[in-house]
Amino acid sequence: MTKLLQVSGLCKAFGGVVVADKIDFSLSAGAMHCLIGPNGAGKSSFFRLLLGEHAPDAGTITFDGDDITHLRSFQRIRRGISVKFQVPGIFKALSVRQNLEVAFQSHLSGSQLEQTIHEMLEFTELSHVVATPAGVLSHGQQQWLEIAMAVGVEPKLLLLDEPTAGMSPDETRKTGDMLNELNNRGITILAVEHDMAFVEQISKRVTVLHFGSIFAEGTIAEIVDHMGVQEIYLGTVDDG
Numbered sequence: 000m001t002k003l004l005q006v007s008g009l010c011k012a013f014g015g016v017v018v019a020d021k022i023d024f025s026l027s028a029g030a031m032h033c034l035i036g037p038n039g040a041g042k043s044s045f046f047r048l049l050l051g052e053h054a055p056d057a058g059t060i061t062f063d064g065d066d067i068t069h070l071r072s073f074q075r076i077r078r079g080i081s082v083k084f085q086v087p088g089i090f091k092a093l094s095v096r097q098n099l100e101v102a103f104q105s106h107l108s109g110s111q112l113e114q115t116i117h118e119m120l121e122f123t124e125l126s127h128v129v130a131t132p133a134g135v136l137s138h139g140q141q142q143w144l145e146i147a148m149a150v151g152v153e154p155k156l157l158l159l160d161e162p163t164a165g166m167s168p169d170e171t172r173k174t175g176d177m178l179n180e181l182n183n184r185g186i187t188i189l190a191v192e193h194d195m196a197f198v199e200q201i202s203k204r205v206t207v208l209h210f211g212s213i214f215a216e217g218t219i220a221e222i223v224d225h226m227g228v229q230e231i232y233l234g235t236v237d238d239g
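Numbering-wise, the sequence shown is residues 0 to 239 according to numbering that gives the first Met the number 0.
Written out as structure tokens, the structure is:
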């Protein structure tokens, strides 16, 4: 399959703390992939390197055939990378509709803008709260609103940082259904997650990070049965 994302020899250290240690990682177009690891594994740092928020000390990042290693974050977004962080980055004083307008207005206009807003409201089942200030939505609804804001611009790659954090089991399951639908529509997804039930719901393959290095990679069944992965997960699994 065509490689949408290719990371080679990626290194990053802050003083004596190594957060990325010669990472080689690839993601095929159309993939649904999860990134897991214990506290301090370097998952968030890896995301920030992909987004251009951190500059690597060594290595390259290739996206859709182009070297983006030294591009700024907004340039990567324009090329088709979209992101949803763990804490919703919504405008709480604005209505649901206004949040979508802000997210889409630099990409869409006129009838296309209106159609996309309508489609995203239907997809996330937020049509009934379209005029509601985003700040008074439930936690799950706020997460779904930001997912809508991230996917309405039709990204090639969607990065998700713990998209179900703080959600109820029902909300988590619904979020998984949404992501599976988006993946079926052709959006490549890379998600940082620690809820293994959710990982099993959505992911075809899983990569385990540990101390800034790739520790293991395989199907969810292979990862669950991996003795080394079981050992490093003894204790906290919150991101670092």
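Note that beta-carbon positions come from the ideal geometry of N, C-alpha and C, so glycine has one too.
These numbers come from a predicted model, not from an experiment.
Which of helix, strand or coil DSSP assigns to residue i
i, result
"Gly-14", "coil"
"Thr-115", "helix"
"Glu-192", "coil"
"Glu-216", "strand"
"Leu-107", "coil"
"Lys-21", "strand"
"Ile-35", "strand"
"Thr-187", "strand"
"Ser-27", "strand"
"His-8", "Looking at the sequence itself, residue 8 is Gly, so the reference to His does not match. Residue state, collapsed to three classes: strand."
"Lys-2", "strand"
For residue j and residue i, the rounded distance between their alpha carbons
i, j, result
"Glu-221", "Phe-24", "18 Å"
"Leu-99", "Ile-116", "6 Å"
"Gly-175", "Leu-159", "12 Å"
"Ala-130", "Ser-94", "5 Å"
"Phe-90", "Met-226", "44 Å"
"Val-135", "Gln-111", "28 Å"
"Leu-157", "Thr-206", "16 Å"
"Gln-140", "Phe-62", "31 Å"
"Lys-11", "Ile-80", "21 Å"
"Ile-22", "Ile-60", "10 Å"
"Ala-133", "Ile-231", "38 Å"
"Asp-56", "Leu-26", "22 Å"
"His-69", "Leu-48", "10 Å"
"Ser-202", "Asn-179", "9 Å"
"Ser-108", "Gln-114", "10 Å"
"Ser-137", "Val-6", "37 Å"
"Ser-212", "Gly-165", "27 Å"
"Val-17", "Ala-30", "28 Å"
"Gly-15", "Glu-216", "27 Å"
"Asp-237", "Ser-44", "Annotation note: pLDDT 44 at Asp-237 (below 50); position unreliable, coordinate value reported separately. So the two alpha carbons sit approximately 14 Å from each other."
"Thr-218", "Lys-155", "23 Å"
"Ala-40", "Pro-168", "26 Å"
"Leu-9", "Leu-189", "17 Å"
"Thr-235", "His-127", "Residue confidence is low: Thr-235 scores 41 on pLDDT, short of 50, so the model does not pin down where it sits. No coordinate-derived value is stated."
"Phe-73", "Arg-184", "24 Å"
"Ala-92", "Glu-121", "22 Å"
Rounded distance between the beta-carbons of residue j and residue i, thought under 8 Å
i, j, result
"Leu-3", "Ala-28", "4 Å"
"Asn-143", "Thr-163", "Reading off the sequence shown, one finds Trp at residue 143, where the question assumed Asn. Not confirmed; about 11 Å, so no contact."
"Gly-58", "Arg-71", "With a Cβ gap of about 18 Å, Gly-58 and Arg-71 do not count as contacting."
"Lys-42", "Val-191", "5 Å"
"Arg-77", "Ile-67", "The pair is not a contact, with the Cβ atoms about 11 Å apart (cut-off 8 Å)."
"Glu-161", "Gly-88", "Between Gly-88 and Glu-161 the Cβ distance is about 13 Å, and since that is not below 8 Å, they are no contact."
Practice item. Inspect the CB distances between the stretch 29 to 43 and the stretch 185 to 198 and report whether three or more fall short of 8 Å. Key: At 8 Å Cβ cutoff, the stretches touch.
**Study point:** Runs of alpha helix (DSSP H) wholly within the stretch 115 to 169 (minimum 4 residues, chain order)
**Key:** Whole alpha helix (DSSP H) segments, 4+ residues: 138 to 150.
Exercise for review: Evaluate the contact criterion for the stretch 138 to 152 versus the stretch 100 to 110: three or more CB pairs, one atom per stretch, below 8 Å.
Suggested key: Touching, per the Cβ criterion.
Exercise for review: Enumerate, from N- to C-terminal direction, the unbroken alpha helix (DSSP H) stretches of 4 or more residues contained entirely within the stretch 50 to 95.
Suggested key: Listed in chain order, they are 72 to 77.
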